[in-house]
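Trainee: Please find one structure pasted underneath; my questions will follow.
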Amino acid sequence: MAELNKESFVIRGKDTTRMESISRPSLSFWSDAWRRLRKNRSAFIGLCIIILYAIMAIFAPMFSQYTQSQMDVNARNAFISSAHWLGTDSTGRDLWVRIWMGARVSLSIGLIAAVVNMCVGAVIGGLCGFYGGKLDMIVMRIVDLLYGIPSLIITILVVMVLGKGIAPLIVAMCVVGWIGTCRFVRGEVYRIKEQDFVLAARVLGVPNFTIILKHMIPNILGMLVTNLCMAIPGAIFQEAFLSYIGLGITPPNCSWGVICKEGIQYLRYSPHQVLIPAFFVCTTMLALNLLGNGLRDAVDPRLRGTE
Amino acid sequence: MRKYIVKRVIAAVLTMWVLITAVFFLVRLMPGDPFQNPKMTEEVRANLESYYGFDKPLIVQYGVYMKNLLQGDFGYSMKFTNKTVNTIIGETFPFSADLGIRALVLAISMGLVLGIISARNRGKKLDFFCVVIAVLGTSIPDFIMGAILQYGFGIKWGLLPVAQYNGIKYTILPACALAFYTLASVSRIMRASMLEVSQQDYIKTARSKGVSEMRITVKHQIRNAIMPVMTVMGPTVASVLTGTFVIESIFAIPGMGKYYVESVSNNDYSMVLGMTIFYGVFLIFCNLVVDILYGVADPRVRIGER
Chain X
1 MAELNKESFV IRGKDTTRME SISRPSLSFW SDAWRRLRKN RSAFIGLCII ILYAIMAIFA
61 PMFSQYTQSQ MDVNARNAFI SSAHWLGTDS TGRDLWVRIW MGARVSLSIG LIAAVVNMCV
121 GAVIGGLCGF YGGKLDMIVM RIVDLLYGIP SLIITILVVM VLGKGIAPLI VAMCVVGWIG
181 TCRFVRGEVY RIKEQDFVLA ARVLGVPNFT IILKHMIPNI LGMLVTNLCM AIPGAIFQEA
241 FLSYIGLGIT PPNCSWGVIC KEGIQYLRYS PHQVLIPAFF VCTTMLALNL LGNGLRDAVD
301 PRLRGTE
Chain V
1 MRKYIVKRVI AAVLTMWVLI TAVFFLVRLM PGDPFQNPKM TEEVRANLES YYGFDKPLIV
61 QYGVYMKNLL QGDFGYSMKF TNKTVNTIIG ETFPFSADLG IRALVLAISM GLVLGIISAR
121 NRGKKLDFFC VVIAVLGTSI PDFIMGAILQ YGFGIKWGLL PVAQYNGIKY TILPACALAF
181 YTLASVSRIM RASMLEVSQQ DYIKTARSKG VSEMRITVKH QIRNAIMPVM TVMGPTVASV
241 LTGTFVIESI FAIPGMGKYY VESVSNNDYS MVLGMTIFYG VFLIFCNLVV DILYGVADPR
301 VRIGER
């Protein structure tokens, strides 16, 4: 029997020195979330619809022969035709152009109001949650008080004081709109503050600023983006409601709420004047809701399918 | 328990006071005034202003208003002459309340049923169907729902009356339009909460003891799952109430919402003031009742308040 000793064996095809190295790029949180979002068919369709509407809102009015307040007296209440792609309203204005001009207003109001509310709410809620103490107590008393008052009533009153138009509308929506985000962010910050990795950072002497930047924000950001996505349909809804009761956008500007309101008087004879803008409002809300659900599942897979 | 209730009541009263004060001063800041009539002479105008007390300093007006309010007096309307705000609210509120209660009952009962069915059949076709309804419901604003129902059932097929409010047949369309959004959100919350409860240990225990599925659902699951639905009752009432603004104007129902929108555009100070306060106080009261009920139903809420 031949003698077997270690020296006569060589490990082939396996480099022991590089076994522990990472051969693929590691997935960051966002690329991971994006991968999950892409797999979610309904959320992806939602995203596509939003992008499509945004592009159409920017470009469609530029390439039309009509403007939003131009009246075609020979074609009042016209149905869909080759001259007017989506028909006309009671004064002969082209609905195709009006819908996309309205989309500009509705979508941007929804986005701006939601973003402003989110930023204000996140900063106030974050500070309250992080520092606690007296500041937290005072702000939370105010928040509780404001939370008890029906928000729409405050919004209506502020619009009445500031006057109609796009800017007053956004301001009015923001007066009480930040409260929801504030409460949510404060709760999250409270929860994260108690966790071990923050304690570890603190023990290692990391300054507050770095803790907020490196630990707090990344942990909340996912939920915050989801919240933002869910808040946009709410803001669009509110704008449409206010425009509908006559407190929103004034001519020559128009929004989807205004177009619906104008069309509803002619429901009996030319229903397309309501049904077409209604279709766009509903699909936008639907798309944003689907995207929001998908985002929530993507940033926090534990929640998948529960709601 | 008493401490909890007292705390809630004090908070509610404080909120009402802040609301009334804020609304009072905000209304005075509104541009334009209620006596916009070019034919009116200076003398008549001055008389009118002193009649309504506008010539006095603002703080005195506030004092007088608060005093009257405590006696339940909202003052006179400025556009509908010779009518007090109280009469107008008294005439119109029953319509709104009737519509609102119908919508609420429909929304909550149907929402709960849909949520339960959906959670019991998780992942099956029935669940998918219920989720689609819920997503659609939260995507369609109530005025659009109103218009669609009015066009479909009222005009196109002629099944139900298009407008007005003269009997049970007239209430169906507006109540459905008003209820749809709330129905959808209630069913979503109920579904999520049912699914969460179904993973709890006591459900497993019951199941391992051989309790029938039906009994588990009814006795254990629904009872515990209904809690989160109760917390959103306050906002739900609020959304139904504001929904009446548009639904009433679409279906030509002589309710409070229609008057409110009209007085907003008429600059009718005392009407806007009175109705806003009425709405606000009503909603705060609803919230209070919900809070107290919640505290009664779930002892953890009373103790674990942060």
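Chains as they are written, first to last, in the working numbering: chain X, 1 to 307; chain V, 1 to 306. C-beta atoms are modelled at their ideal positions from N, C-alpha and C, and glycine is treated no differently.
Going by DSSP, which residues form a beta bridge with methionine 71 of chain X?
Mentor: X:Arg93
Trainee: Does DSSP classify threonine 21 of chain V as helix, strand or coil?
Mentor: helix
Trainee: Starting from asparagine 82 of chain V, follow the alpha helix (DSSP H) in both directions and report where the run begins and ends.
Mentor: Here asparagine 82 of chain V belongs to no alpha helix (DSSP H), and DSSP marks it neither H nor E.
Trainee: Give me whichever residues DSSP pairs with tyrosine 76 of chain V in a beta bridge.
Mentor: V:Thr84
Trainee: Using only the alpha-carbon positions, how far apart do tyrosine 269 of chain X and tryptophan 157 of chain V sit?
Mentor: 14 angstroms
Trainee: Between the Cα of histidine 272 of chain X and the Cα atoms of V:Asn121, V:Leu26, V:Gln164, V:Tyr151, which residue gives the shortest distance?
Mentor: Closest option to histidine 272 of chain X, Cα to Cα, is V:Tyr151.
Trainee: Counting only C-beta atoms, is tyrosine 66 of chain X closer than 9 angstroms to chain V at any point?
Mentor: no
Trainee: Spell out whether any CB of chain X is found under 9 angstroms from the CB atom of serine 270 of chain V.
Mentor: no
Trainee: Using a Cβ cut-off of 9 angstroms (strictly closer), state whether serine 249 of chain V contacts chain X.
Mentor: yes
Trainee: Can you give the Cα-Cα distance for valine 115 of chain X and valine 211 of chain V, rounded to whole angstroms?
Mentor: 50 angstroms
Trainee: Would you report the Cα separation of glycine 295 of chain V and glycine 187 of chain X, rounded to the nearest angstrom?
Mentor: When rounded, the distance between both Cα atoms is 21 angstroms.
Trainee: Could you check what DSSP says for threonine 41 of chain V in three-state terms: helix, strand or coil?
Mentor: coil
Trainee: Run through the stretch 128–209 of chain V for me and flag every whole alpha helix (DSSP H) of 4 or more residues, listed as ranges in chain order.
Mentor: 142–149, 168–197, 201–208
Trainee: From the beta carbon of isoleucine 99 of chain X, is the nearest beta carbon of chain V less than 9 angstroms away?
Mentor: no
Trainee: Beta carbons nearer than 8 angstroms to chain X: which residues of the stretch 285–297 of chain V have them?
Mentor: Listed by position along the chain: Asn287.
Trainee: Is the beta carbon of alanine 231 of chain X less than 9 angstroms from the beta carbon of glycine 180 of chain X?
Mentor: With contacts defined as CB atoms closer than 9 angstroms, alanine 231 of chain X and glycine 180 of chain X qualify as a contacting pair.
Trainee: Once you ignore the five residues that flank isoleucine 89 of chain V on each side, which residues in its own chain have a CB closer than 8 angstroms to its CB?
Mentor: Phe74, Met256, Gly274, Met275, Phe278
Trainee: Just to confirm, is the Cβ distance from alanine 122 of chain X to leucine 213 of chain X under 9 angstroms?
Mentor: no
Trainee: For lysine 193 of chain X and glycine 129 of chain X, what's the separation of their Cα atoms in angstroms?
Mentor: 8 angstroms
Trainee: Using a beta-carbon distance below 9 angstroms, is isoleucine 148 of chain V in contact with chain X?
Mentor: yes
Trainee: Taking its Cβ as the centre, do 16 or more other Cβ atoms sit within 10 Å of lysine 124 of chain V, making it buried, or is it exposed?
Mentor: exposed
Trainee: Under 8 angstroms: do the stretch 184–192 of chain V and the stretch 98–118 of chain V share three or more Cβ pairs, one atom per stretch?
Mentor: Because the criterion of three Cβ pairs below 8 angstroms is met, the stretch 184–192 of chain V and the stretch 98–118 of chain V touch.
Trainee: Checking contacts by CB at 9 angstroms: is isoleucine 101 of chain V closer than that to chain X?
Mentor: no
Trainee: Entirely within the stretch 91–133 of chain X and at least 4 residues each: give me those alpha helix (DSSP H) ranges in chain order.
Mentor: 95–131
Trainee: Output the distance between the C-alpha atoms of leucine 95 of chain X and phenylalanine 79 of chain X, rounded to the nearest integer angstrom.
Mentor: 10 angstroms
Trainee: Between the stretch 226–244 of chain V and chain X, which residues of the former have a C-beta closer than 7 angstroms to a C-beta of the latter?
Mentor: Ala238, Thr242
Trainee: Figure out for me which residue from X:Leu247, X:Gly133, X:Phe279, X:Phe237 has the closest Cα to the Cα of valine 264 of chain V.
Mentor: X:Leu247
Trainee: Using a Cβ cut-off of 9 angstroms, which residues of the stretch 238–261 of chain X contact any Cβ in chain V, in chain order?
Mentor: Ala240, Phe241, Tyr244, Ile245, Gly246, Leu247, Gly257, Cys260, Lys261
Trainee: Would you kindly report the start and end of the unbroken alpha helix (DSSP H) that includes arginine 41 of chain X?
Mentor: 41–59
Trainee: Between the stretch 193–227 of chain X and chain V, which residues of the former have a C-beta closer than 7 angstroms to a C-beta of the latter?
Mentor: none
Trainee: Using a Cβ cut-off of 9 angstroms (strictly closer), state whether threonine 306 of chain X contacts chain V.
Mentor: In this prediction, threonine 306 of chain X has a pLDDT of 48, which is less than 50 and means its spatial position is unreliable; what the coordinates show is noted afterwards. Yes, because at least one Cβ of chain V sits closer than 9 angstroms to the Cβ of threonine 306 of chain X.
Trainee: Would you please state the rounded distance, in angstroms, between the beta carbons of isoleucine 264 of chain X and isoleucine 148 of chain V? I believe it to be under 8 angstroms.
Mentor: Not quite, the Cβ-Cβ distance comes to about 11 angstroms (not below 8 angstroms), so this is no contact.
Trainee: Any beta carbon from chain V within less than 9 angstroms of glycine 133 of chain X's own beta carbon?
Mentor: no
Trainee: Is there a C-beta anywhere in chain X that falls below 9 angstroms from the one on threonine 87 of chain V?
Mentor: Taking Cβ atoms only, chain X never reaches closer than 9 angstroms to threonine 87 of chain V, which makes this a no.
Trainee: Thinking C-beta only, is valine 185 of chain X closer than 9 angstroms to alanine 172 of chain X?
Mentor: no
Trainee: Kindly list the residues whose CB is nearer than 6 angstroms to the CB of leucine 310 of chain X, restricted to its own chain and excluding five residues on each side of it in sequence; keep chain order.
Mentor: It is not possible to answer for residue 310 of chain X, since the shown part of chain X is limited to 1 through 307.
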